[in-house]
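Below is one structure, written out as structure tokens; the observations come after it.
Number of protein chains: 2
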Amino acid sequence: MAAVPMATIRDVARQAGVSTATVSRVLSRPDLVNPETRASVVAAIETLGYTPNAAAKSLRTLRSGKVLVTVPDIANPFFSLILQGIESAAQRAGYSVLLGDTQHDDKREQQYALMLQRREADGLIFLGHRLPKAAAALVRSLPRGRAPVVNGCEFSPGLSVPSVHIDNAKASFEAVDYLYQLGHRHIGVVTGPMASPLSRDRLKGAMARANRDRTRVTVSVAGGDFSIESGIAAGDQLMSGSTPPTSIFCFNDEMAIGVVHTARQRGMRVPDDLSVVGFDDIRFAQYCDPPLTTIRQPMRELGEATVQLLLNILSGNVKDAVSVTLPHALIVRASTGAPRSRAAMSLARS
Amino acid sequence: MAAVPMATIRDVARQAGVSTATVSRVLSRPDLVNPETRASVVAAIETLGYTPNAAAKSLRTLRSGKVLVTVPDIANPFFSLILQGIESAAQRAGYSVLLGDTQHDDKREQQYALMLQRREADGLIFLGHRLPKAAAALVRSLPRGRAPVVNGCEFSPGLSVPSVHIDNAKASFEAVDYLYQLGHRHIGVVTGPMASPLSRDRLKGAMARANRDRTRVTVSVAGGDFSIESGIAAGDQLMSGSTPPTSIFCFNDEMAIGVVHTARQRGMRVPDDLSVVGFDDIRFAQYCDPPLTTIRQPMRELGEATVQLLLNILSGNVKDAVSVTLPHALIVRASTGAPRSRAAMSLARS
DNA sequence: AAACATGTTGTAATCGTTTACAGCGCGGTT
DNA sequence: AACCGCGCTGTAAACGATTACAACATGTTT
Chain U
418 MAAVPMATIR DVARQAGVST ATVSRVLSRP DLVNPETRAS VVAAIETLGY
468 TPNAAAKSLR TLRSGKVLVT VPDIANPFFS LILQGIESAA QRAGYSVLLG
518 DTQHDDKREQ QYALMLQRRE ADGLIFLGHR LPKAAAALVR SLPRGRAPVV
568 NGCEFSPGLS VPSVHIDNAK ASFEAVDYLY QLGHRHIGVV TGPMASPLSR
618 DRLKGAMARA NRDRTRVTVS VAGGDFSIES GIAAGDQLMS GSTPPTSIFC
668 FNDEMAIGVV HTARQRGMRV PDDLSVVGFD DIRFAQYCDP PLTTIRQPMR
718 ELGEATVQLL LNILSGNVKD AVSVTLPHAL IVRASTGAPR SRAAMSLARS
Chain Z
418 MAAVPMATIR DVARQAGVST ATVSRVLSRP DLVNPETRAS VVAAIETLGY
468 TPNAAAKSLR TLRSGKVLVT VPDIANPFFS LILQGIESAA QRAGYSVLLG
518 DTQHDDKREQ QYALMLQRRE ADGLIFLGHR LPKAAAALVR SLPRGRAPVV
568 NGCEFSPGLS VPSVHIDNAK ASFEAVDYLY QLGHRHIGVV TGPMASPLSR
618 DRLKGAMARA NRDRTRVTVS VAGGDFSIES GIAAGDQLMS GSTPPTSIFC
668 FNDEMAIGVV HTARQRGMRV PDDLSVVGFD DIRFAQYCDP PLTTIRQPMR
718 ELGEATVQLL LNILSGNVKD AVSVTLPHAL IVRASTGAPR SRAAMSLARS
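Going down the list, the sequences are from chains U and Z. Sequential numbering of the first sequence, starting at 418, is according to this note's numbering. Sequential numbering of the second sequence, starting at 418, is according to this note's numbering.
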């Protein structure tokens, strides 16, 4: 395609009057070559504008310098922040990122995983919850924790693939506990798809807290898919019951925004008539009206830690890579408050 | 790294009792080989689990099957949607995406552009407004519109690089016109960085409309950087003048959300006390409170068209690739209305 | 029967690096 | 004088594919 054929290492060698081996050494182990020779090689490189061909290098060294990242949906602000963390950490370590947006589609996940076999990437970070077949084969063929495959945010003990994540069950437990402490006794929960271990863990945690006071607490569960629209639908569903919840805990911020939206459509005020808790603490959460109470995940850090995990495996000086749990935090903002009846009570009391 | 060395084309050839040339042909031009031979080769491929090595192929063919995409900030929902369009179109065409998040950093843009020289990618789509040096060199070395470099959304006639974008000046013109028609005579404008042609075009369009009625209209301009926070700052600046504007047009939705946020902090009601218009129509725009009036850009389509443009250049059967303009639309929602004085007037009148 | 087209396959050069190994010059030991 | 070690450099064999070209068998044309 290029009109002017690129200069090769041979051109540089000729120009500098040395062998290609020397040129190569100047580039990879400069200490091995005499300073004077080195200088003339560097000069030749300069004048010819030489850049080593990546394919040739990769063919010879069996390393591509790339990590493949598959994301269920880049347009989701949660994933895009993780991706940003990944990109930045990878770049810092001299790797570049091959991006695959799978749209939650199994086929595309499978397809992308083939790139590992083709050696188009040295490792795989997958952000979904399904381990693609090609990657699974690789994992099986190597000792535990040695395959260059790691998972981000979706922890699944069965996967036998290391992962970076928060303690989802604990975080959910805390969210429900917080609502309980505020006085809420009827709590709605909007989940993500149950196929995802992440959703199951969160539900488990939420139920665990509710069950601790099971005689006093009612929990209603509605299923969502992490989209704003599904939040609206789930909110509608929860609110049209005979005794609607006084608070709703959503498994991500977007669904929480949907719930707030639909509550307002019904003429309800947040948090006076309905408290809403989200999950993730995406950028918009604090600028919503009302600003959203939510569980914060350290998204960039999750991404960076995932890369670090993968790099450890790639470097080979780790016997058994192990999952990492990062801290979360409950961020209280204005979308939550005491339930009205309780608020009225305490008002009367004062 | 892999415990079991990958099967090569030679292994397949041996297993099938043919030469490597035949195996290669089965893969690339199956019609050239006898059906029976083909079957036995396919069988050998199956049993060995053979996948061609990408580096070797790329070295030989001088094509990597990758496009490099540099984005100023993936976490920005505008860019992440464009990126989604790019990814999907690229994937459909058999290309994969190398992602570079430049964080608006010149150095990183330059660094990524080197991948083109290394032939790690067949083409470059850059979403920022600076053409990296390495790419510029490539552009210069080839006839106009032949270099595999295209720009997304930032149109700059001087760049001599084809681009896909909307008509920013016209869109801004329409936004201001809409506010004028509503009765607004004092209009605030929150721009993006003036280094970006996109911002300049939008400002040009806005001023063009204002100047048409320059005796009646006042325009106040504040500079932003497309972040929510800069929207807050710009909003504060505009609103603390002696005669604050009755409406503010922001060059993206996030800054508009910032303006709405700060207006509310000041006890103003949107749209009663202040009308706000955004730009882009990101996903959250319609779920804000109030839902945001904005200029819609077809983000996915922008991304897809950018890939198409690049593919046309790569295919080589296009003499002079030319920029593409996609349609935009003014989406009227609830964040805009007549200014209070005017509203009062018309109320009095009725 | 010679010449030729067609369909199928193999041979071997090539893409641009990296790197094991050998070789050379030279000062220092024995 | 023979030997060794050290620092530096070159030779050449990979890495795993693609593809121009040749070769061969077979059938067709003249």
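From the three backbone atoms N, C-alpha and C, an ideal C-beta is built for every residue, glycine too. Predicted, not measured: the structure shown is a model, and the values here were computed from it.
Which partner residues does residue i have in the DSSP bridge list?
i	result
cysteine 667 (chain Z)	Z:Val607
leucine 533 (chain Z)	DSSP, once it has assigned bridges, lists no residue as partnering leucine 533 (chain Z).
lysine 483 (chain Z)	Z:Ser513
threonine 711 (chain Z)	Z:Gly695, Z:Ile748
phenylalanine 543 (chain U)	U:Thr487, U:Asn568
Closest to residue i by C-alpha separation, out of the options, would be which residue?
i	options	result
proline 715 (chain Z)	Z:Val638, Z:Ile499, Z:Asn628	Z:Ile499
phenylalanine 668 (chain U)	U:Cys705, U:Ser436, U:Glu504, U:Ser613	U:Ser613
histidine 678 (chain U)	Z:Glu591, Z:Leu544, Z:Pro707	Z:Pro707
arginine 626 (chain U)	U:Ser657, U:Phe643, U:Ala588, U:Ser616	U:Ala588
asparagine 470 (chain Z)	U:Arg629, U:Arg536, U:Leu516	U:Arg536
leucine 516 (chain Z)	Z:Leu596, Z:Gly605, Z:Thr487, Z:Asp522	Z:Thr487
threonine 660 (chain U)	U:Thr632, U:Gly605, U:Tyr704, U:Asp522	U:Gly605
arginine 799 (chain Z)	Z:Cys705, Z:Asp698, Z:Ser657	What the structure shows of chain Z is the stretch from 418 to 767, and residue 799 (chain Z) is not part of that stretch, so it cannot be assessed.
alanine 639 (chain Z)	Z:Thr632, Z:Arg633, Z:Pro662	Z:Pro662
glycine 466 (chain U)	U:Pro560, U:Ala751, U:Gln432, U:Gly754	U:Gln432
alanine 592 (chain U)	U:Thr635, U:Gly569, U:Thr710, U:Phe495	U:Thr710
glycine 609 (chain Z)	Z:Ser732, Z:Val435, Z:Phe666, Z:Arg561	Z:Phe666
asparagine 451 (chain Z)	Z:Val435, Z:Glu463, Z:Ile462, Z:Thr464	Z:Val435
glycine 545 (chain U)	U:Met532, U:Gln527, U:Arg561, U:Ser481	U:Gln527
Name, please, each residue of chain U whose Cβ falls closer than 8 Å to the Cβ of residue i.
i	result
isoleucine 674 (chain Z)	Phe701, Tyr704
proline 579 (chain Z)	Going along chain U, no residue has its Cβ under 8 Å from proline 579 (chain Z), so there is no contact; the nearest lies around 16 Å.
alanine 751 (chain Z)	Residues of chain U passing the Cβ test: none, with the nearest at roughly 11 Å.
Using only the alpha-carbon positions, how far apart do residue i and residue j sit?
i	j	result
valine 687 (chain Z)	alanine 680 (chain Z)	8 Å
proline 549 (chain Z)	alanine 507 (chain Z)	22 Å
alanine 761 (chain U)	valine 578 (chain U)	Here alanine 761 (chain U) scores only 49 on pLDDT, less than 50, and its place in the model should not be relied on; the value that follows carries that caveat. Their backbone Cα atoms lie some 51 Å apart in a straight line.
serine 616 (chain Z)	glycine 695 (chain Z)	13 Å
histidine 601 (chain Z)	isoleucine 491 (chain U)	38 Å
glycine 511 (chain Z)	arginine 525 (chain U)	12 Å
aspartate 689 (chain U)	leucine 599 (chain U)	12 Å
aspartate 670 (chain Z)	aspartate 698 (chain Z)	7 Å
valine 440 (chain Z)	threonine 478 (chain Z)	16 Å
valine 556 (chain U)	proline 565 (chain U)	8 Å
alanine 420 (chain U)	valine 735 (chain Z)	With a pLDDT of 47 at alanine 420 (chain U), under the threshold of 50, the predicted position of this residue should be treated as unreliable, though the coordinate-derived value follows. The straight-line gap from Cα to Cα measures roughly 16 Å.
serine 740 (chain Z)	leucine 731 (chain Z)	15 Å
Which of the three DSSP states, helix, strand or coil, is assigned to residue i?
i	result
histidine 582 (chain U)	strand
asparagine 568 (chain U)	strand
serine 692 (chain U)	strand
leucine 559 (chain Z)	coil
threonine 425 (chain Z)	coil
isoleucine 674 (chain Z)	helix
arginine 431 (chain U)	helix
valine 488 (chain U)	strand
threonine 742 (chain Z)	strand
aspartate 522 (chain U)	coil
serine 637 (chain U)	strand
alanine 722 (chain U)	helix
valine 687 (chain Z)	coil
valine 450 (chain Z)	coil
phenylalanine 496 (chain U)	helix
lysine 550 (chain U)	helix
serine 436 (chain U)	coil
glycine 502 (chain U)	helix
serine 457 (chain U)	helix
Run down chain U in chain order and give the residues with a C-beta less than 9 Å from the C-beta of residue i.
i	result
arginine 681 (chain Z)	Asp706
leucine 727 (chain Z)	Residues of chain U passing the Cβ test: none, with the nearest at roughly 12 Å.
isoleucine 665 (chain Z)	Those within 9 Å of isoleucine 665 (chain Z) in chain U number zero; the least Cβ separation is about 16 Å.
Residues of chain Z with CB under 9 Å from residue i, in chain order?
i	result
aspartate 518 (chain U)	Leu500, Gln501, Glu504, Ser505, Gln508, Val514
proline 715 (chain U)	Ordered by position in chain Z, no residue passes the 9 Å Cβ test against proline 715 (chain U), which lies about 14 Å from the chain.
List, in chain order, every chain Z residue whose beta-carbon is nearer than 7 Å to that of residue i.
i	result
glutamate 537 (chain U)	Ala471
serine 475 (chain U)	Ala472
Looking at the ligand HEM, does it come within less than 7 Å of residue i, judged from the CB to the closest heavy atom?
i	result
alanine 625 (chain Z)	Ligands displayed in this structure: none; no statement on the ligand HEM is therefore possible.
Anything in chain Z within Cβ reach of residue i, meaning under 8 Å, just list it in chain order.
i	result
proline 494 (chain U)	Ala492, Pro494, Ser497
Starting from residue i, find everything on chain U with Cβ-Cβ shorter than 7 Å and list it in chain order.
i	result
leucine 468 (chain Z)	Going by the sequence as given, residue 468 (chain Z) is threonine instead of leucine. Under the 7 Å cutoff, chain U gives Leu531, Gln534, Arg535.
histidine 678 (chain Z)	Tyr704
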